Amino acid sequence: MLELMRKLSQAVISGDLEGAAGLAEQLLGDGAAPQDIIDNGLMPGMEYVGAQFRKGEMFIPEVLLSARAMQKAMDVVKPHLVSGNLPSQGTVVIGTVQGDLHDIGKNLVRMMLEAAGFTVVDLGIDVPADRFLEAVKIHRPQVLGLSALLTTTMRNMAAVIDTLREAGIRQAVKIMVGGAPVTSDFARTIGADGYAPNAVAAVDLARSLATS
Amino acid sequence: MQSGCRGGQYHPLSDHALQDIHEGGLRLLEEVGIEVNNERARAAFARAGARVEGATRVVRIPRRMVEEAIRSAPKSVTLYGRDGRDDRYHLILEENRVYLGTGGTAVNVLDLEGVRRPSTLEDVCRLGRLVDAMPNVHFYMLPVYPHDLPPEDVDVNRFYAGLSSTPKHVTGGVYTVEGVRQTIRMAEIIAGGAGELRRKPIISFVILAISPLKIDDLYGEMLLEIASAGVPVIVPTEPQCGSTAPVTLAGNLALFCAETLAQLTLVQLVNPGSPVICGYVGTVTDPRTMGYSAGAVEMGLLNAAAAQLAQYWRIPFYGTAGMTDAKVPDAQCGYESALTTLLVAMAGANYIHDTAGLLDFALTMSYEKVIIDNEINGMVLRALRGITVNPEHLALDVIREMGPGGEFLAQVHTVRHLRQELHLPRLSDRQPYDDWVRAGARDTRRRANETARSILDAPPGRVISEEVERELKRNLPNLRAGH
Numbered sequence: 000m001l002e003l004m005r006k007l008s009q010a011v012i013s014g015d016l017e018g019a020a021g022l023a024e025q026l027l028g029d030g031a032a033p034q035d036i037i038d039n040g041l042m043p044g045m046e047y048v049g050a051q052f053r054k055g056e057m058f059i060p061e062v063l064l065s066a067r068a069m070q071k072a073m074d075v076v077k078p079h080l081v082s083g084n085l086p087s088q089g090t091v092v093i094g095t096v097q098g099d100l101h102d103i104g105k106n107l108v109r110m111m112l113e114a115a116g117f118t119v120v121d122l123g124i125d126v127p128a129d130r131f132l133e134a135v136k137i138h139r140p141q142v143l144g145l146s147a148l149l150t151t152t153m154r155n156m157a158a159v160i161d162t163l164r165e166a167g168i169r170q171a172v173k174i175m176v177g178g179a180p181v182t183s184d185f186a187r188t189i190g191a192d193g194y195a196p197n198a199v200a201a202v203d204l205a206r207s208l209a210t211s
Numbered sequence: 000m001q002s003g004c005r006g007g008q009y010h011p012l013s014d015h016a017l018q019d020i021h022e023g024g025l026r027l028l029e030e031v032g033i034e035v036n037n038e039r040a041r042a043a044f045a046r047a048g049a050r051v052e053g054a055t056r057v058v059r060i061p062r063r064m065v066e067e068a069i070r071s072a073p074k075s076v077t078l079y080g081r082d083g084r085d086d087r088y089h090l091i092l093e094e095n096r097v098y099l100g101t102g103g104t105a106v107n108v109l110d111l112e113g114v115r116r117p118s119t120l121e122d123v124c125r126l127g128r129l130v131d132a133m134p135n136v137h138f139y140m141l142p143v144y145p146h147d148l149p150p151e152d153v154d155v156n157r158f159y160a161g162l163s164s165t166p167k168h169v170t171g172g173v174y175t176v177e178g179v180r181q182t183i184r185m186a187e188i189i190a191g192g193a194g195e196l197r198r199k200p201i202i203s204f205v206i207l208a209i210s211p212l213k214i215d216d217l218y219g220e221m222l223l224e225i226a227s228a229g230v231p232v233i234v235p236t237e238p239q240c241g242s243t244a245p246v247t248l249a250g251n252l253a254l255f256c257a258e259t260l261a262q263l264t265l266v267q268l269v270n271p272g273s274p275v276i277c278g279y280v281g282t283v284t285d286p287r288t289m290g291y292s293a294g295a296v297e298m299g300l301l302n303a304a305a306a307q308l309a310q311y312w313r314i315p316f317y318g319t320a321g322m323t324d325a326k327v328p329d330a331q332c333g334y335e336s337a338l339t340t341l342l343v344a345m346a347g348a349n350y351i352h353d354t355a356g357l358l359d360f361a362l363t364m365s366y367e368k369v370i371i372d373n374e375i376n377g378m379v380l381r382a383l384r385g386i387t388v389n390p391e392h393l394a395l396d397v398i399r400e401m402g403p404g405g406e407f408l409a410q411v412h413t414v415r416h417l418r419q420e421l422h423l424p425r426l427s428d429r430q431p432y433d434d435w436v437r438a439g440a441r442d443t444r445r446r447a448n449e450t451a452r453s454i455l456d457a458p459p460g461r462v463i464s465e466e467v468e469r470e471l472k473r474n475l476p477n478l479r480a481g482h
């Protein structure tokens with residue numbers, strides 16, 4: 000069983016989607032406890048991936064594919080967990096602000112957050128301030144993430160924050176902002192709680208905001 | 000190791016121009032001749048039927064003798080790494096295969112403290128360790144002169160310093176006939192015997208002709224010594240536009256043909272079939288100072304054209320690129336090095352030297368520039384690899400699956416190809432501005448400095464076994480300790 004666990008870690012590391020799912024099934028069939036599979040098969044794989052990424056030895060698409068492989072195995076294991084639910088790191092609502100159709104950066108952040116164990120509600124692109132407000136009311140996220148690529152749409156981030164303030168729920172959620180033209184100075188100016196220059200930093204930031 | 004990329008995408012000479020230059024070179028040898036200042040070499044030419052004029056030492060070489068030499072020289076020469084069985088280090092010099100390495104022989108180093116000072120044997124070792132860690136530097140040409148040794152001890156110790164600091168192939172210029180003998184003896188012991196060294200040469204030598212149209216006495220003697228031993232020898236020539244050659248590029252190339260082919264012919268007369276590599280260090284003279292220019296764009300053009308000529312002869316070719324006239328690793332240093340390396344590699348020169356570390360007209364070897372040039376070389380090699388187009392690379396299925404507005408971030412296809420398809424820089428900065436500031440706002444030179452320090456701070460690995468080292472010291476008493 001130890002050997003299978005090791006293979007599962009390896010499948011996660013190499014981003015082998017079918018392999019990871021197949022090995023998880025095999026482990027369940029052999030009587031492995033679902034939590035064991037997560038703790039001793041999937042997590043060590045992802046931890047290795049994270050370490051390699053920080054050293055610059057693995058690249059973001061590779062990390063994401065590893066995360067997808069882990070997700071595939073999770074889909075197999077999840078129904079067998081006693082509660083049927085995994086503990087989440089927290090909920091993050093994200094979206095690209097009104098007027099902006101760019102979503103590659105935002106999607107990258109979403110995927111990285113999911114890989115890190117967050118529940119993510121992605122509102123998509125060109126999202127008006129009202130919809131952010133609505134989503135915060137419904138999902139009660141710990142963190143709200145706003146993205147913009149254009150210098151002309153950056154200002155709409157401020158509009159979202161103002162809308163939350165007017166509705167009286169600004170303090171109920173931490174707000175982080177990002178996107179190519181955004182800077183930490185700008186984030187401070189509009190009253191956001193944090194700025195992340197890239198997807199990896201966004202995960203670290205979300206973690207610290209969610210627990211603060 | 001990225002090696003053996005194919006060049007040949009760039010042809011500065013038309014077929015017609017190629018013919019004219021080749022013919023011009025042969026006519027120079029036949030009509031003007033070359034001054035051969037070594038008596039044994041003159042005798043060898045005379046025995047073979049060349050016209051030798053005793054008073055002027057000028058040898059006129061008939062074209063059939065040159066053509067016969069071109070025929071008898073090997074079309075392909077393989078240079079080996081320190082361990083002949085380890086094929087990661089083999090360099091197959093033929094056609095338009097491209098390898099990039101360091102060059103020689105500078106008299107200063109610009110060290111990691113930013114001090115320009117005379118170079119020592121220790122620098123040969125430390126630079127070798129840097130080269131060893133650089134995946135886009137394929138061979139180690141001994142780059143600096145060790146001022147801390149008496150001249151008679153330089154050759155064997157320099158080669159030993161190279162061989163004991165990296166398993167990559169080692170090439171070097173030489174200074175004394177006895178030094179050449181000792182160096183060959185040393186390489187035989189390391190390779191495991193004289194026959195083994197001939198089969199799998201772990202070292203090669205460079206012997207330069209003097210432009211215009213002269214072969215030196217001492218260098219001629221060393222050339223004969225190496226040729227007789229059957230160890231690969233590189234025979235470059237260094238005509239400079241406007242001083243030792245006509246100012247025109249075509250005239251410079253005609254001298255290249257005459258001078259390199261004269262040396263190649265001599266090697267083939269002495270030892271038919273012996274491995275010889277044509278070479279070129281041609282460049283321009285700066286008309287403002289009459290100084291040698293190492294970073295001129297014409298140097299790229301000239302060496303690309305010379306590569307074409309060597310391909311026409313089907314003789315392996317040693318080209319020059321990647322140098323600069325800049326005194327420190329600055330913007331000029333970067334653009335001059337990148338431009339010539341790209342041009343010459345795209346022409347398919349086989350064994351391109353000077354592509355790592357040299358600046359200041361090749362007078363100074365910079366530790367930092369070795370790291371910077373490794374990055375340039377990686378980009379050049381990526382350019383040579385070109386664009387692969389096949390159904391897998393065209394990726395229509397993947398695009399179809401993702402559809403409009405899709406993304407390719409976490410796709411198996413992306414991960415399957417990204418490491419091969421993209422040059423992934425180690426030194427270049429691609430961080431967002433804020434991250435760059437947070438990491439210390441370090442410019443390229445500083446990052447290169449830190450990379451070099453981290454490589455040299457690690458304990459050196461042993462390349463040559465203790466047993467072989469003991470054997471070497473028994474045979475060669477003037478050999479300094481490697482470890």
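Protein sequences, first through last, are from chains A and B. Residues in the first sequence are numbered from 0 upward in steps of one, following numbering that gives the first Met the number 0. Residues in the second sequence are numbered from 0 upward in steps of one, following numbering that gives the first Met the number 0. Using N, Cα and C, we set each Cβ at its ideal position, and we do this for glycine too. Computed from a predicted model, the values in this text were never measured in an experiment.
- Between A/THR95 and A/VAL126 a beta carbon distance of about 6 Å is seen, short of the 8 Å cut, so the two are scored as contacting.
- Contact annotation: in the segment 425-439 of chain B, residues whose CB is within less than 9 Å of a CB in chain A are ARG425, GLN430, PRO431, TYR432, ASP433, ASP434, ARG437.
- Inter-segment contact for the segment 406-423 of chain B and the segment 53-67 of chain A is present: three or more beta-carbon pairs are separated by less than 8 Å.
- Interface annotation, B/ALA320: not in contact with chain A, CB-CB separation never under 9 Å.
- Taking 4 residues as the minimum length, the alpha helix (DSSP H) runs contained wholly in the segment 286-332 of chain B are 296-312, in order along the chain.
- In terms of beta-carbon proximity, B/VAL414 lines the interface with chain A, with at least one pair separated by less than 9 Å.
- The closest CA to that of B/LYS74, considering only B/TYR311, B/ALA190, B/THR288, B/VAL136, is found on B/TYR311.
- In the DSSP annotation of this structure, the continuous segment of the beta strand (DSSP E) that includes B/GLY278 starts and ends at 275-278.
- For B/GLN419, the closest Cβ of chain A is not nearer than 9 Å.
- Below the 8 Å Cβ cutoff, chain A contributes PRO60, LEU63, LEU64, ALA66, ARG67, MET110 as neighbours of B/ALA409, in chain order.
- Residues of chain A with a Cβ closer than 7 Å to the Cβ of B/GLU406 are, in chain order, ILE103, ASN106.
- One thing to note: B/LYS326 has its Cβ within 9 Å of the Cβ of B/ASP359.
- Three or more Cβ pairs closer than 8 Å define a contact, and the segment 165-173 of chain A meets that threshold against the segment 128-135 of chain A.
- Within chain B, the residues placing a beta-carbon under 7 Å from that of A/SER183 are ASP433, ordered along the chain.
- Below the 8 Å Cβ cutoff, chain B contributes VAL411, VAL414 as neighbours of A/GLY14, in chain order.
- Under the DSSP definition of a beta bridge, B/ALA244 partners with B/CYS240.
- Residue range 138-140 is occupied by the beta strand (DSSP E) that includes B/PHE138.
- Three or more Cβ pairs drawn from the segment 256-266 of chain B and the segment 61-79 of chain B lie within less than 8 Å of each other, which places the two stretches in contact.
- For B/ILE454, the three-state secondary structure derived from DSSP is helix.
- The beta carbon of A/ASN197 falls within 9 Å of a beta carbon belonging to chain B, placing the residue at that interface.
- In terms of beta-carbon proximity, B/LEU12 stays away from the interface with chain A, with every pair separated by 9 Å or more.
- Collapsing the DSSP output to three states places B/ILE91 in a strand.
- Take the alpha-carbon of B/GLY83 and the one of B/ALA451: they are about 28 Å apart.
- Taking all protein chains in view, the Cβ of A/GLN34 is surrounded by fewer than 16 other Cβ atoms within 10 Å, so the residue is classified as exposed.
- Across the structure, B/THR243 and A/SER13 are spaced so that their CA atoms are roughly 59 Å apart.
- The residue among A/ALA68, A/ALA10, A/THR182, A/ASP184 with its C-alpha nearest the C-alpha of A/GLU113 is A/ALA68.
- B/PRO142 has its alpha-carbon roughly 5 Å from the corresponding atom of B/GLY102.
- Closest in C-alpha terms to B/ALA190, from the list B/SER292, B/PRO459, B/MET401, B/GLU468, comes B/GLU468.
- Secondary structure remark: continuous beta strand (DSSP E) runs of at least 3 residues inside the segment 101-168 of chain A, in chain order: 118-121, 142-146.
- Per the DSSP secondary-structure output, B/SER71 pairs with nothing in a beta bridge.
- Cβ contact annotation for B/ASP122 (same chain, cutoff 6 Å, sequence separation greater than five): VAL108, VAL143, in chain order.
- Taking 9 Å as the CB threshold, A/GLY98 stays off the interface with chain B.
- Contact with chain B is found for A/GLY55, since one of that chain's Cβ atoms lies less than 9 Å from the residue's Cβ.
- Every beta strand (DSSP E) of 3 residues or more that sits fully in the segment 5-91 of chain B is shown, in chain order, as 33-35, 50-52, 57-59, 76-78.
- Spatial neighbours of B/SER273 in its own chain (CB-CB distance under 6 Å, excluding positions within 5 residues in sequence) are listed in chain order as ALA226, GLY229, VAL266.
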